[in-house]
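What follows is a set of notes on a single structure, which appears directly below.
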Amino acid sequence: MLVLSRKLGEKICIDGGIELEVLEIRGNRIRLGISAPQDCRVLRSECCLGGPATTSDGADVDCQLVGQG
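Heads up: the sequence shown at position 8 corresponds to 7 in numbering that gives the first Met the number 0, and the numbers run straight through without jumps.
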């Protein structure tokens, strides 16, 4: 695993036209912006497990794809 540090507003570029940008930092949470080609699926890890997705506090997670269009 490659581990990188980024500051607010900085980006990471991945082969294939994928960019990750740090949009917001609040306490121990960050907001990431992800730019990727439309044919590239982007899912949160809890949505890749195959079963019903929940957060650590037991709340249901909406795993629908966003940003299509």
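Glycine residues also receive a C-beta, built at the ideal position from the N, C-alpha and C atoms.
So, at 8 angstroms on beta carbons, what are the nonlocal neighbours of residue i in its own chain, with the 5 sequence-adjacent residues on each side left out?
i         : result
residue 6 : 21
Among residues of its own chain, excluding the 5 on either side of residue i, which ones have a beta-carbon nearer than 6 angstroms to its beta-carbon?
i          : result
residue 16 : 36
residue 34 : 18
residue 42 : none
Can you give the Cα-Cα distance for residue i and residue j, rounded to whole angstroms?
i          : j          : result
residue 46 : residue 32 : 18 angstroms
residue 67 : residue 38 : Only weak support exists for where residue 67 lies, its pLDDT of 46 falling under 50; the value from the coordinates is given anyway. The straight-line gap from Cα to Cα measures roughly 10 angstroms.
residue 44 : residue 9  : 23 angstroms
residue 26 : residue 2  : 20 angstroms
residue 40 : residue 4  : 24 angstroms
What residues are listed by DSSP as bridge partners for residue i?
i          : result
residue 80 : Coverage of the chain is limited to positions 0 through 68, which leaves residue 80 absent and any answer about it impossible.
Report yes if the C-beta distance between residue i and residue j is below 8 angstroms; otherwise report no.
i          : j          : result
residue 29 : residue 19 : no
Near residue i, what residues of its chain come up, given a Cβ to Cβ distance below 7 angstroms and the 5 sequence neighbours on each side ignored?
i          : result
residue 24 : 7
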